[in-house]
Amino acid sequence: MYLLQKSLFSFEQWLEIEPSERLELFFSALDLQQYALKLKSPSPRGAKPINREAILRALLAAPLEGISTFTRLHKRLSGDLRFRYQCGFRLDEPAPSIATFSRVFGSVVDKGLAKELFIDLVSQCKESGIIDGSHLAIDSTAIGAYEKKQPKSRSQETGNANWGAKYDTFGNKLTWFGYKIHLAVDTLSELPVSLEVTPAHVYDGEMAIPLMKDVIENHHWKVNFVMMDAGYDQVKNYEAARTYGAQAIVALNRRGEKEPPAGMSSNGTPRCSMGYDMVYWGSDGDRLKFRCPHTLGKVDCPLGTAACSDSSYGMVVKKNIAEDVRRYSIPHRNTRGWTELYNERTSVERCNSRLKDNLTVNDVHVRGIEKVTAYVYLNAIVLLASALAMRMTASTQKTA
C-alpha cells in the first residue's frame with residue numbers, strides 16, 4: 009500500500025562502465041549551451057575567446073573522474089587528449105589554465121548556474137519517470153572545510169565554516185570544522201531533489217522545513233511521506249509535513265523525554281484500563297482505530313472483554329492525529345507499514361555515501377559557503393545526469 013517499486017537506476021552499475029564510454033554517455037544527457045551563454049562576458053581586446061561550454065563540461069566531468077582540484081583537472085586535460093576531446097576542447101590548443109578554471113567557476117557561483125542546472129535536471133528526471141517524488145527522505149552529512157580553523161565565535165560572524173559535533177554509533181562525540189550538506193532525496197531513485205549547505209553547527213531539525221518547502225512549492229509535487237531520523241523529531245516538522253498534505257515518518261527522540269500521558273505508550277498506542285497496549289486496526293481519514301487486545305487474542309486479560317465493553321467486538325478507541333501530531337501517524341508508529349516506510353530513509357544515506365565516496369564532496373578545495381555550495385551542486389548534478397544517461401541508454405537498447 010505504501011511502498012514504491014525498486015528503482016531501475018543503479019549508480020554502482022553506472023560506475024562499472026568503461027570510463028571513456030561512460031563519459032560519452034554522461035555528456036549525451038547534458039545540454040549546457042544555454043548555461044554557457046550566460047557565462048559569456050566581453051573579452052579583453054586581443055584575448056583568445058574561452059570555450060565556456062567545454063569548461064562547464066570539464067567541471068562536471070571532474071567529480072565523475074575523481075578530480076577535486078583545478079590543478080588536477082588542468083593536468084588531466086593536458087596529458088589526456090581523449091579526455092580533452094570529450095570535454096569539447098580543441099586538440100591543437102593547450103588546456104585552459106588553472107586561473108581560467110577558477111575564474112569560470114567563480115562566475116558559475118556568482119550567477120547561481122549550478123543550482124539552476126540542478127533544478128532543471130531534477131525536473132527532467134521527474135518527467136522521464138526516474139524520480140517518483142511522492143516519498144522523500146531527509147538527512148544531513150558532514151564535510152570538512154578547506155579553510156583555516158578558527159574559534160566558533162569568530163566563525164559565526166563570517167557565516168562560513170564552523171565547528172560541528174555529532175555522536176557515532178558507540179556514543180562517542182565527534183567534532184569537525186566545516187559544513188553540513190542537508191539533502192532531500194527521492195526514495196525510489198535515491199537521487200537528490202533539494203539540498204542546502206550550512207555551517208557545521210546548524211541543527212539538522214531546522215533544515216527539514218526549508219527542504220520540504222523547496223520540493224513541494226517550487227516543483228509542485230504531491231509528496232505523501234517524508235522520512236527522517238530522530239534528529240528531526242520536532243513538532244514543527246510534523247506540522248509542516250501535514251500542511252503540505254504529507255505524513256512525516258520520524259523516529260522518536262526519547263533523550264530527556266518525560267513519561268507519556270496516562271493511558272498511552274511512548275509510541276502513541278492507547279492502553280486499556282488493565283494497562284495493555286491496544287491493537288492498531290487501521291484508520292479513517294485522520295482518525296486512528298485501536299481495538300481490545302484480548303478480543304484479538306494478543307493478551308489473556310483476567311477480566312476478559314466484559315469489563316470494558318458489552319460488545320463481542322471489544323472496546324474500540326479512536327484517536328485523531330491532530331491531538332498529538334508527534335506520536336500519531338498514518339500508518340501508526342512501529343506497525344509493519346510504518347517500519348517499511350521508515351526503512352526507506354536509507355536512500356538518503358546511500359545518496360550521501362555516493363557523493364562522498366564515489367564522487368568528490370568529501371574533498372573540498374574551495375573556500376566560503378557560496379563556493380562550497382556550488383561545488384556540492386556540481387557533484388549532485390553528476391548523480392542526476394548519470395541517471396538520465398542510463399535511462400537514455402536503456403531506451404536506445406530497447407528500440408534497437
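The sequence shown begins at 9 in the working numbering and counts up by one. Note that beta-carbon positions come from the ideal geometry of N, C-alpha and C, so glycine has one too.
Hey, quick one: how far does the alpha helix (DSSP H) through residue i stretch, first residue to last?
{"i": "Met236", "result": "Looking at the DSSP string, Met236 is not in any alpha helix (DSSP H); the run it does join, the beta strand (DSSP E), is Phe233 to Met236."}
{"i": "Ala7", "result": "Residue 7 lies beyond the stretch modelled for the chain, which goes from 9 to 408, so this question has no answer here."}
{"i": "Glu20", "result": "Phe19 to Leu23"}
{"i": "Tyr93", "result": "Leu89 to Cys95"}
{"i": "Ala44", "result": "Gln41 to Leu47"}
{"i": "Gly345", "result": "Arg344 to Asn351"}
{"i": "Gly172", "result": "Per DSSP, Gly172 belongs to no alpha helix (DSSP H); it is in the beta strand (DSSP E), Asn170 to Tyr175."}
With 16 other CB atoms within 10 Å as the buried threshold, where does residue i fall?
{"i": "Ala256", "result": "buried"}
{"i": "Phe178", "result": "exposed"}
{"i": "Asp212", "result": "buried"}
{"i": "Ser320", "result": "exposed"}
{"i": "Asn168", "result": "buried"}
{"i": "Gly54", "result": "Since pLDDT at Gly54 reaches only 48, below the 50 mark, its modelled position is unreliable, and the value read off the structure follows with that caveat. Burial call: exposed."}
{"i": "Pro159", "result": "exposed"}
{"i": "Gly293", "result": "exposed"}
{"i": "His340", "result": "buried"}
{"i": "Asp147", "result": "buried"}
{"i": "Ala208", "result": "buried"}
{"i": "His190", "result": "buried"}
For the beta strand (DSSP E) that contains residue i, what are its first and last residues?
{"i": "Ser136", "result": "No beta strand (DSSP E) holds Ser136; DSSP gives it neither H nor E."}
{"i": "Ser148", "result": "His143 to Gly152"}
{"i": "Gly290", "result": "Val287 to Asp292"}
{"i": "Ile411", "result": "Since the displayed the chain opens at 9 and closes at 408, residue 411 lies outside it and no answer follows."}
{"i": "Glu204", "result": "Leu199 to Pro207"}
{"i": "Asp194", "result": "Lys181 to Asp194"}
{"i": "Leu296", "result": "Arg295 to Arg299"}
{"i": "Lys327", "result": "Val324 to Asn328"}
Tell me which residues share the same chain as residue i and place their Cβ nearer than 6 Å to its Cβ, disregarding the 5 neighbours each side in the sequence.
{"i": "Ser163", "result": "Asn170"}
{"i": "Arg334", "result": "Val243 and Tyr246"}
{"i": "Glu26", "result": "none"}
{"i": "Val130", "result": "Val201"}
Is the Cβ-Cβ distance between residue i and residue j less than 7 Å?
{"i": "Ile224", "j": "Tyr252", "result": "yes"}
{"i": "Ile138", "j": "Tyr187", "result": "no"}
{"i": "Glu61", "j": "Ala44", "result": "yes"}
{"i": "Val116", "j": "Ala395", "result": "no"}
{"i": "Arg478", "j": "Gly322", "result": "The question about residue 478 has no answer, for the chain in this structure spans 9 to 408."}
{"i": "Asn360", "j": "Thr149", "result": "yes"}
{"i": "Leu99", "j": "Leu89", "result": "yes"}
{"i": "Lys7", "j": "Phe185", "result": "What the structure shows of the chain is the stretch from 9 to 408, and residue 7 is not part of that stretch, so it cannot be assessed."}
{"i": "Leu204", "j": "Met220", "result": "Note that residue 204 corresponds to Glu in the displayed sequence, not to Leu. Contact flag unset, no."}
{"i": "Ala37", "j": "Ala393", "result": "yes"}
{"i": "Asn226", "j": "Ser142", "result": "no"}
{"i": "Gly96", "j": "Arg65", "result": "yes"}
{"i": "Phe78", "j": "Ile106", "result": "yes"}
{"i": "Met272", "j": "Cys280", "result": "no"}
{"i": "Ala397", "j": "Phe34", "result": "yes"}
Tell me which residues share the same chain as residue i and place their Cβ nearer than 7 Å to its Cβ, disregarding the 5 neighbours each side in the sequence.
{"i": "Asp332", "result": "Gly276"}
{"i": "Ala145", "result": "Val193, Thr195, Met235, Glu352, Arg353, Ser355 and Val356"}
{"i": "Cys309", "result": "Met282, Tyr284 and His302"}
{"i": "Asp222", "result": "Ser202"}
{"i": "Asn328", "result": "Asp294 and Arg295"}
{"i": "Gln41", "result": "Glu61"}
{"i": "Leu81", "result": "Ala66, Ala70, Ile75 and Phe109"}
{"i": "Asn342", "result": "Asn275"}
Quick one: residues in its chain with C-beta nearer than 8 Å to the C-beta of residue i, no 5 flanking neighbours on either side, listed in chain order?
{"i": "Lys181", "result": "Ala173, Lys174 and Tyr175"}
{"i": "Gly312", "result": "His302"}
{"i": "Pro102", "result": "Ser86"}
{"i": "Tyr385", "result": "Ala122, Lys123, Leu125, Phe126 and Leu203"}
Regarding residue i and the ligand MG, is the C-beta to nearest heavy atom distance less than 6 Å?
{"i": "Ala103", "result": "This structure simply doesn't include the ligand MG, nor any ligand for that matter."}
*Check whether the stretch 118–134 touches the stretch 70–83, counting contact only when three or more Cβ pairs, one atom from each stretch, lie closer than 8 Å.*
no
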